[in-house]
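Enquirer: Sharing a structure below in structure tokens format, with a few things to ask.
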Amino acid sequence: SAVISQKPSRDICQRGTSLTIQCQVDSQVTMMFWYRQQPGQSLTLIATANQGSEATYESGFVIDKFPISRPNLTFSTLTVSNMSPEDSSIYLCSVEVGGADNEQFFGPGTRLTVL
Amino acid sequence: GQNIDQPTEMTATEGAIVQINCTYQTSGFNGLFWYQQHAGEAPTFLSYNVLDGLEEKGRFSSFLSRSKGYSYLLLKELQMKDSASYLCAVRGNTGGFKTIFGAGTRLFVKA
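As given, the protein sequences belong to chains F and U, one line each in that order.
Position in the first sequence counted from 1, then plus 2, gives you our numbering.
Position in the second sequence counted from 1, then plus 385, gives you our numbering.
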């Protein structure tokens, strides 16, 4: 299993500013994912962040808007840049720890509100 | 690409059985998951199917038919605490082993 913490848990930000979300895992993992979940909706994959390589972004998400760092096997950051109210969402970090079930564990999420 | 369909909402009675269906289309398949998500909380893992057939875990069972692109989650002896969203998710094997989630089925359990 994996225990994941995220900082901050929530924030209220002004339009045009940037916020960096931190994700810390209690064990070393290769595959780490960032998702966004807007109110009442399911999870949308933003990018896959594997240590030692550039993050891979899904359609509709670009590095300039959502730069990601993955400096080691237990930590990652996602920055939401030049924010607009449309970026208001919950951002979740997730890891896959392997094993028979390929289960993903999720962090508690960061609730972002952009005014 | 990947496409996942599941009903938006379902309502069932405490003590009853409910089946939540999921159909999917994917360019590569490496497993299907069901996750439970209570309002305001992170998703938690329920089940994983990679081969055809039924997997049973207590009150929850999950079925997969790869040829039909179909899965269902069966919840027995429903309890009020089962009221939650149930997310069907598919793990691909093209472009990396990423998991894509369906829109989720919101289940309401009534007394």
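Virtual Cβ for every residue (Gly too), placed ideally from N, Cα, C.
Name the DSSP beta bridge partners of residue 82 (chain F), please?
Expert: According to DSSP, residue pairing for residue 82 (chain F) in a beta bridge involves F:21.
Enquirer: From the beta carbon of residue 408 (chain U), is the nearest beta carbon of chain F less than 8 angstroms away?
Expert: no
Enquirer: Report the residues of the region 413-433 of chain U with a CB closer than 7 angstroms to any CB of chain F, ordered along the chain.
Expert: 416, 427, 428, 430, 433
Enquirer: Within the same chain, show all residues whose beta-carbon is closer than 6 angstroms to that of residue 461 (chain U), passing over the 5 residues directly before and after it, in chain order.
Expert: 402, 444
Enquirer: Could you tell me the distance, in whole angstroms, from the CA atom of residue 451 (chain U) to the CA atom of residue 490 (chain U)?
Expert: 21 angstroms
Enquirer: Given a limit of 7 angstroms on CB to CB distance, which residues of the region 83-106 of chain F reach chain U?
Expert: 94, 103, 104, 105, 106
Enquirer: Would residue 21 (chain F) and residue 81 (chain F) qualify as a contact pair, given that the criterion is a beta-carbon distance under 8 angstroms?
Expert: Judged by their CB atoms, residue 21 (chain F) and residue 81 (chain F) are nearer to each other than the 8 angstroms cut-off.
Enquirer: If residue 108 (chain F) sits next to residue 90 (chain F), beta carbons under 8 angstroms apart, how far is it from one beta carbon to the other, in whole angstroms?
Expert: At roughly 19 angstroms, the Cβ-Cβ gap does not stay under 8 angstroms, so residue 108 (chain F) and residue 90 (chain F) are not in contact.
Enquirer: Looking at the secondary structure, which residues open and close the beta strand (DSSP E) in which residue 92 (chain F) lies?
Expert: 91-98
Enquirer: State the beta-bridge partners of residue 395 (chain U) as determined by DSSP.
Expert: U:492
Enquirer: Taking C-beta to C-beta, are residue 470 (chain U) and residue 404 (chain U) nearer than 8 angstroms?
Expert: no
Enquirer: Specify the secondary structure class of residue 73 (chain F) as computed by DSSP and reduced to three states.
Expert: Residue state, collapsed to three classes: strand.
Enquirer: Just checking residue 435 (chain U) against the ligand SAM - is the residue's beta carbon closer than 7 angstroms to any of the ligand's heavy atoms?
Expert: In terms of ligand content, the structure shown is empty, and the ligand SAM therefore cannot be addressed.
Enquirer: Could you tell me which residues DSSP puts in a beta bridge with residue 413 (chain U)?
Expert: Answer is none; residue 413 (chain U) lacks a bridge partner.
Enquirer: Label residue 50 (chain F) either buried or exposed according to how many other C-beta atoms from any shown protein chain fall within 10 Å of its C-beta, with 16 as the threshold for buried.
Expert: buried
Enquirer: Shorter than 8 angstroms from the beta carbon of residue 496 (chain U) to some beta carbon of chain F?
Expert: no
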